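There are 2 protein chains.
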Amino acid sequence: MAPRMAKPLQEFALIRRLKSQFARPTPDLVQGIGDDAAVVETTVPIWWHFTTDLLAEGIHFDLKSAAPRSIGYRAAIANLSDLAAMGATPRHLLISLAIPKQVRQSQIYDFYRGLREACRPYGVALIGGDTSASKTGLFLSITLIGTTTKRRALFRHGAKVGDLIYVSGTLGDSLAGLRLLINGKTSRSSETTRSQLSPFHRQFLIRRHLHPTARIAEGQWLNTGRLASAAIDLSDGLSGDLRHICEESGVGAEVEIDHLPLSLACRAYAKARGVSPVQLAITGGEDYELLFTAPPRFRHTLEQQARARGYRITRIGTIRPKKFGIQMTTEGRTQPLPQTSYEHFRS
Amino acid sequence: MAPRMAKPLQEFALIRRLKSQFARPTPDLVQGIGDDAAVVETTVPIWWHFTTDLLAEGIHFDLKSAAPRSIGYRAAIANLSDLAAMGATPRHLLISLAIPKQVRQSQIYDFYRGLREACRPYGVALIGGDTSASKTGLFLSITLIGTTTKRRALFRHGAKVGDLIYVSGTLGDSLAGLRLLINGKTSRSSETTRSQLSPFHRQFLIRRHLHPTARIAEGQWLNTGRLASAAIDLSDGLSGDLRHICEESGVGAEVEIDHLPLSLACRAYAKARGVSPVQLAITGGEDYELLFTAPPRFRHTLEQQARARGYRITRIGTIRPKKFGIQMTTEGRTQPLPQTSYEHFRS
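Those sequence lines, one after another, are chains A and B.
The opening residue of the first sequence carries number 5 in the working numbering; numbering runs sequentially from there.
The opening residue of the second sequence carries number 5 in the working numbering; numbering runs sequentially from there.
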């Protein structure tokens, strides 16, 4: 019956180090790490956005194969991407971390390094959190706080029949990258894959998986210009996330399969592996691209402004009445979009 | 290599049920559960308070011995108590939950029932969160959001030399209750204890452990009346938490041991077990009472108002210069307050 300390003394050292490295004063921060709660001041009418993501060892990541820095980076991106889909500016971060004793201190610092790296471009400050020992796996939960002007945000529920459906970037890259990472370690067939896939494409896909981008600037542009009628980020995959928009908006959707934006690397991977690149694009999660809808009258403005700003957006379909369901069209044939949930990593 | 679904379909059923039972519209809530982020509106200058607590199976609770409802209740109280110590009004809650497959759905609902029970008196609404499968233990992280008027909050850093040190309620009850729960299941010596402890005292102590109270009203009173110079909640125990106030305020402290408020039940338990009740009061965590300091000129007002409102507060010492350290005095003898960290549950 040895007592278990939930707050070992090294936790205080960890908190001090994080505070000095990651916690930065922002104009609205009254109290950061070091009190019972963090305190943030609001002086003008504003909308606050709160999003939480949980990552569990063995489900979302594998410490045997993934670098702690990459885990931290991707955890932050998952949350940043949620705020991108609201058109919000990310501001503050709280993190809960349960640490098994076999995890080394250096791994924890690397994890925070990745987290900080993802947050740095947006000036996001770590304002609080909690750490604990874990008797089993590593668990982390991030709460990210952002803001928009009052009455100005992108929701899932605004899509109207006739609206055009767009995505940013390219789809399926992250899943292809994940599969390359897994097969690179295990099966023999991967040797064949690697020989047919150029190192450049291979690196591109792996990087898209390990080092994705949150489309913060794109989300803010869509929001402040009131260009999008609904938006979501692609974390579960096109199939699942489009379904969320349709459910919340009470509409159906038609996806034109031939319009799906695929990277050259994704096409090359699909060819080498003998799989369908469309399948990767539809079911692949964690691309962290934006999926949004816009009234057809905005089409010209939207596409012109995107070009001018250097944002890649692609029109992939149209919002239909609810009774239409969620269908995909290719070469004149229409069939239901497969209903899938994203596989994170496989073990 | 079976795919692991991070978002099983039953999660959506869970979210729907929680949304209907726990998510309630509040005047400032623009968007609750069901979008990429929750959205809350602020129209007047305000201070927002954010606190996060992580609970890990095997560290903070044991599913074999603790009821899920009690785990949920106590998780919420830990966070509510943090806001009480800021003098804040709790408003919104986000929860991350990693669920192992051996945990039954009914246990998860019971857990949320406990959470809701703790939050209901304060009108706190569940506005978001994340759930996931877990390959190992049950993990949960709660982020609680509250508010105070601008420039009006209780911090750890305001204590001045000469200030009086107070605590609310009684100390050590929760630890005594925890030990009763553990020994009730294991050792033979507990039989002796139970025979010497009245059922009433036994129940009181167990209830103080399983069903603690967050001192929200007391915190708001201290804050709005500007009566306290510093405050913290007693989650790690008097010894550890007083140390936090002293560190953040750059002061020392003298605790008068004979003044520590002890319940009759705690004294009876200590006598039956042959342990020191003072030891329980100093090292016992999770009492969730408030520890605060106040200028001596407020003594009369403070004690009179507390009586009038029915709040139990006890003066237990005085803030001293930093070089004094943190000492305890009993019968004219002064010695350092033992430095301990709270044992959560023992296995």
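All C-beta atoms in this analysis are idealised placements derived from N, C-alpha and C, irrespective of residue type, glycine included.
Being a predicted model, the structure only gives us computed values, none of them experimental.
What residues from chain B crowd round residue i, counting only those whose CB sits closer than 9 Å?
i: residue 217(A); result: Simply none; closest approach about 16 Å.
i: residue 3(A); result: Only positions 5 to 351 of chain A appear in this structure, which leaves residue 3(A) out of reach.
i: residue 252(A); result: 38, 39
Taking a contact to mean a Cβ-Cβ separation below 8 Å, would you say residue i touches residue j in this structure?
i: residue 22(A); j: residue 126(A); result: no
i: residue 158(B); j: residue 235(B); result: yes
i: residue 99(B); j: residue 146(B); result: yes
i: residue 58(A); j: residue 134(B); result: yes
i: residue 305(A); j: residue 263(A); result: no
i: residue 238(A); j: residue 179(A); result: no
i: residue 71(B); j: residue 114(B); result: yes
i: residue 273(A); j: residue 85(A); result: no
i: residue 138(A); j: residue 102(B); result: no
i: residue 140(B); j: residue 92(B); result: no
i: residue 181(A); j: residue 316(A); result: no
i: residue 41(B); j: residue 55(A); result: yes
i: residue 52(A); j: residue 46(B); result: yes
i: residue 144(A); j: residue 107(A); result: no
i: residue 233(B); j: residue 300(B); result: no
i: residue 271(B); j: residue 227(B); result: no
Is it buried or exposed for residue i, if we count other Cβ within 10 angstroms and need 16 for buried?
i: residue 230(B); result: exposed
i: residue 341(A); result: buried
i: residue 347(B); result: Its pLDDT being 45, under 50, residue 347(B) is placed unreliably by the model, and the measurement read from it follows with that caveat. When all chains shown are included, residue 347(B) counts as buried.
i: residue 335(B); result: exposed
i: residue 350(B); result: Residue confidence for residue 350(B) is low, a pLDDT of 35 falling below 50, so the modelled location carries little weight and cannot support an answer.
i: residue 17(B); result: exposed
i: residue 26(A); result: buried
i: residue 254(B); result: exposed
i: residue 120(A); result: buried
i: residue 312(A); result: exposed
i: residue 337(A); result: exposed
i: residue 36(B); result: buried
i: residue 203(A); result: exposed
i: residue 216(B); result: buried
i: residue 24(B); result: exposed
i: residue 278(A); result: exposed
Select from the options the residue whose C-alpha is nearest the C-alpha of residue i.
i: residue 222(B); options: 70(B), 267(B), 90(B), 201(B); result: 90(B)
i: residue 325(A); options: 317(A), 250(A), 291(A), 292(A); result: 250(A)
i: residue 208(A); options: 329(A), 175(A), 220(A); result: 175(A)
i: residue 188(A); options: 206(A), 171(A), 218(A); result: 206(A)
i: residue 329(B); options: 202(B), 248(B), 142(B), 288(B); result: 248(B)
i: residue 214(A); options: 265(A), 109(A), 245(A), 69(A); result: 69(A)
i: residue 132(B); options: 310(B), 163(B), 97(B); result: 97(B)
i: residue 110(B); options: 73(B), 150(B), 81(B); result: 73(B)
i: residue 302(B); options: 260(B), 218(B), 166(B); result: 166(B)
i: residue 67(B); options: 83(B), 104(B), 82(B); result: 104(B)
i: residue 218(B); options: 256(B), 136(B), 82(B), 314(B); result: 82(B)
i: residue 244(A); options: 220(A), 278(A), 283(A); result: 283(A)
Hey, residue i and residue j are a contact pair by Cβ (cut 8 Å); roughly how many whole angstroms apart?
i: residue 210(A); j: residue 242(A); result: In fact, because the Cβ distance is near 21 Å, the residues do not count as touching under 8 Å.
i: residue 374(A); j: residue 30(A); result: This structure leaves residue 374(A) out entirely; chain A is present only between 5 and 351.
i: residue 354(A); j: residue 252(A); result: The structure shown does not extend to residue 354(A), since chain A is modelled only from 5 to 351, so the question has no answer here.
i: residue 169(A); j: residue 322(A); result: 6 Å
i: residue 276(A); j: residue 200(A); result: 4 Å
i: residue 258(A); j: residue 331(A); result: 5 Å
i: residue 79(B); j: residue 177(B); result: Incorrect: roughly 19 Å between the Cβ atoms, too far for contact.
i: residue 118(B); j: residue 76(B); result: 3 Å
i: residue 265(B); j: residue 171(B); result: 6 Å
i: residue 240(B); j: residue 289(B); result: 5 Å
i: residue 49(B); j: residue 164(B); result: Incorrect: roughly 27 Å between the Cβ atoms, too far for contact.
Residue i versus chain A: which residues are under 7 Å apart at the beta carbon?
i: residue 26(B); result: Under the 7 Å cutoff, chain A gives no residues; its nearest Cβ is about 15 Å from residue 26(B).
i: residue 35(B); result: 159
i: residue 222(B); result: Chain A residues near residue 222(B): none, gap ~14 Å exceeds 7 Å.
Whose Cβ in chain A lies nearer than 9 Å to the Cβ of residue i?
i: residue 291(B); result: Correct list: empty, because the minimum Cβ distance to chain A is about 15 Å.
i: residue 236(B); result: 39, 40
i: residue 60(B); result: 10, 102, 136, 137, 138, 139, 140, 143
Mind listing the chain B neighbours of residue i? Cutoff is C-beta to C-beta under 7 Å, in chain order.
i: residue 133(A); result: 56
i: residue 147(A); result: 56, 98, 147
i: residue 182(A); result: Here the premise fails: no neighbours, minimum Cβ distance about 12 Å.
i: residue 86(A); result: 40, 41
Residues of chain A with CB closer than 8 Å to the CB of residue i, please, in chain order.
i: residue 167(B); result: Under the 8 Å cutoff, chain A gives no residues; its nearest Cβ is about 17 Å from residue 167(B).
i: residue 47(B); result: 49, 154
The ligand GTP and residue i: does the residue's C-beta get closer than 7 Å to at least one heavy atom of that ligand?
i: residue 237(A); result: Inclusion of the ligand GTP in the displayed structure is not the case, the ligand content being empty and no account of it being possible.
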